[in-house]
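Trainee: In our numbering, the protein residues as written are 311 to 620. Glycine included, each C-beta is placed from N, C-alpha and C at the ideal position.
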Ligand SMILES: NC(=O)c1ccc[n+]([C@@H]2O[C@H](COP(=O)([O-])OP(=O)(O)OC[C@H]3O[C@@H](n4cnc5c(N)ncnc54)[C@H](OP(=O)(O)O)[C@@H]3O)[C@@H](O)[C@H]2O)c1
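1) From the DSSP secondary-structure annotation, give me the bridge partner or partners of residue 444.
2) Flag this pair as yes or no: are the beta carbons of residue 574 and residue 439 separated by less than 8 Å?
3) Runs of 4 residues minimum, wholly inside the stretch 452 to 517: which ones carry the alpha helix (DSSP H) assignment?
4) Going by DSSP, what residues sit across from residue 588 in a beta bridge?
5) For the alpha helix (DSSP H) that contains residue 352, what are its first and last residues?
6) Taking the CB atoms as reference points, tell me whether residue 326 and residue 604 lie closer together than 8 Å.
7) To the nearest angstrom, how far is the alpha carbon of residue 490 from that of residue 498?
8) In chain order, which continuous runs of the alpha helix (DSSP H) of length 4 or greater are located wholly inside the stretch 381 to 449?
9) Over the uninterrupted beta strand (DSSP E) stretch that includes residue 635, give me the two end residues.
10) Who are the near neighbours of residue 452 in its chain, counting only those whose CB is closer than 8 Å to its CB and skipping five residues on each side?
11) Is residue 485 near ligand 1, judged by its Cβ being under 7 Å from some heavy atom?
12) In the DSSP assignment, what are the bridge partners of residue 334?
13) Is any non-hydrogen atom of ligand 1 found closer than 7 Å to the C-beta of residue 464, if you look at the structure I gave you?
14) Within the present structure, is the beta-carbon of residue 353 separated from the nearest heavy atom of ligand 1 by less than 7 Å?
15) So, helix, strand or coil for residue 323, using DSSP?
16) Measuring alpha carbon to alpha carbon, tell me which of 443, 317, 374 ends up nearest residue 330.
17) Measure from the alpha carbon of residue 366 to the alpha carbon of each residue in 320, 378, 401, then state which is nearest.
18) Hey, is the stretch 433 to 449 in contact with the stretch 492 to 512, meaning 3+ C-beta pairs nearer than 8 Å?
19) Is residue 551 near residue 565, with beta carbons less than 8 Å apart?
20) Can you find a heavy atom of ligand 1 that lies under 7 Å from the Cβ of residue 604?
21) Considering only the beta carbon of each residue, do residue 560 and residue 543 sit closer than 8 Å?
22) What is the residue span of the beta strand (DSSP E) that residue 618 lies within?
23) What's the gap between the Cα of residue 546 and the Cα of residue 586?
See below:
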């Protein structure tokens, strides 16, 4: 048996329960991971609250990204490149039920983790990294461009911004004022979201590069998409990951469906290990304090990831 956080019905933080669950046996090509840390994501909140209609039976486990050590290896399980997986290997990965002491996932959902990266940082990367790389495939940005990034201070925004800047783009990112210093520290030009955004974007973009926005990536909902359209950015140079109603209505690019490739995770961990990518940790909580962790996460005041350390 091991402990996992579950919920038996949709609802608020109060529906979360820390329980003992049987340790499921491994099927072929699966691995079991002893979890060292698990990141919290908006998906967890949206699934728990019932905002997302999921065809997953109750009781449901929660969490979708983790880092830890290989506990056991199923028949035929290898890393993405065919290399053998060994008990004790440090890994990071994704799979429903990451907020727990143990998870079983297909070997195709894990990647090797350099020893220099701690579990908290590693567990913060899978969703933000895979989503950001997919966003950059759907809407590539590069040298000389100026990108308007909506929701730059979120986990996906932080990773996306660093990747876009590494590709030669300038990034103007919307965020609350308290997060502007951090955004400046990673090379983003921060601006406050909300009323009057279009004027602020125009004023700042005139001082940069070609003097205009050449691409828009929205990681929050709608506002940056509207600003992009109003500024005349071509619709095939505007994309979103969050407000699907607005994406369809405005006929701009949608980042989903997602391609999740463990090779991409290894690209990102190499960047973190070399110091060219950072993801801050806002706070860590034990499994016993998962409710407090979600309360802090849903308040969204701090910069960086909220992480559970079992
Ligand atoms: N489709 C997918 O597969 C997929 C994958 C990953 C994420 N997502 C979605 O993408 C969104 C972002 O995810 P995330 O992990 O980056 O979230 P996150 O880490 O929770 O960050 C959300 C950020 O949004 C900011 N924010 C709040 N109101 C805002 C506004 N009006 N304009 C701009 N920013 C605002 C908050 O910071 P401040 O208000 O303090 O600036 C907060 O830091 C979520 O809706 C998530 O569900 C989708």
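Mentor: For this structure:
1) Residue 444 sits at position 134 when you count from the first residue of the chain shown. Answer is none; residue 444 lacks a bridge partner.
2) Translated into positions along the chain shown, residue 574 becomes position 264. Translated into positions along the chain shown, residue 439 becomes position 129. Cβ atoms of residue 574 and residue 439: closer than 8 Å.
3) 465 to 476, 490 to 495, 507 to 515
4) Reading the chain shown from its first residue, position 278 is the one you call residue 588. Paired residues: none, contrary to the question.
5) To locate residue 352, count along the chain shown from 1; it is residue 42. 352 to 359 is the extent of the alpha helix (DSSP H) around residue 352.
6) Taking the first residue of the chain shown as position 1, residue 326 is located at position 16. Taking the first residue of the chain shown as position 1, residue 604 is located at position 294. Yes, these two residues count as a Cβ contact at 8 Å.
7) Within the chain shown, residue 490 is the residue found at index 180, counting from 1. Within the chain shown, residue 498 is the residue found at index 188, counting from 1. Cα to Cα, residue 490 sits roughly 9 Å from residue 498.
8) 429 to 433, 436 to 448
9) Since the first residue of the chain shown is 311 and the last is 620, residue 635 is not available in this structure.
10) Reading the chain shown from its first residue, position 142 is the one you call residue 452. Counting only Cβ-Cβ distances below 8 Å, and skipping sequence neighbours, we find 477, 478, 479.
11) In the chain shown, counting from the first residue as 1, residue 485 sits at position 175. Yes, the Cβ of residue 485 comes within 7 Å of a heavy atom of ligand 1.
12) As a position in the chain shown, residue 334 is number 24, starting the count at 1. Looking at the DSSP assignment, residue 334 forms no beta bridge with any residue, so it has no partner.
13) Counting from one through the chain shown, the residue named residue 464 turns up at place 154. Yes.
14) Here the question's residue 353 lines up with position 43 in the chain shown. Under cutoff, so the answer is yes.
15) Taking the first residue of the chain shown as 1, we reach residue 323 at position 13. Residue 323 falls in the helix class under three-state DSSP.
16) Position 20 of the chain shown, counted from the first residue, corresponds to residue 330. Looking at the Cα atoms, 317 is the closest of the given residues.
17) By 1-based counting over the chain shown, the position of residue 366 is 56. Ranking 320, 378, 401 by Cα distance to residue 366 puts 320 first.
18) no
19) For the purposes of this step, residue 551 is taken as the residue at position 241 of the chain shown. For the purposes of this step, residue 565 is taken as the residue at position 255 of the chain shown. Against a cut-off of 8 Å, the Cβ pair of residue 565 and residue 551 comes out as a contact.
20) Here residue 604 refers to the residue found at position 294 of the chain shown. No, the Cβ of residue 604 stays beyond 7 Å of every heavy atom of ligand 1.
21) Counting from 1 along the chain shown, the entry for residue 560 is found at position 250. Counting from 1 along the chain shown, the entry for residue 543 is found at position 233. No, Cβ-Cβ distance for residue 560 and residue 543 is not below 8 Å.
22) By one-based count along the chain shown, residue 618 stands at place 308. 615 to 618 is the extent of the beta strand (DSSP E) around residue 618.
23) Position 236 of the chain shown, counted from the first residue, corresponds to residue 546. Position 276 of the chain shown, counted from the first residue, corresponds to residue 586. Roughly 29 Å separates the two Cα atoms.
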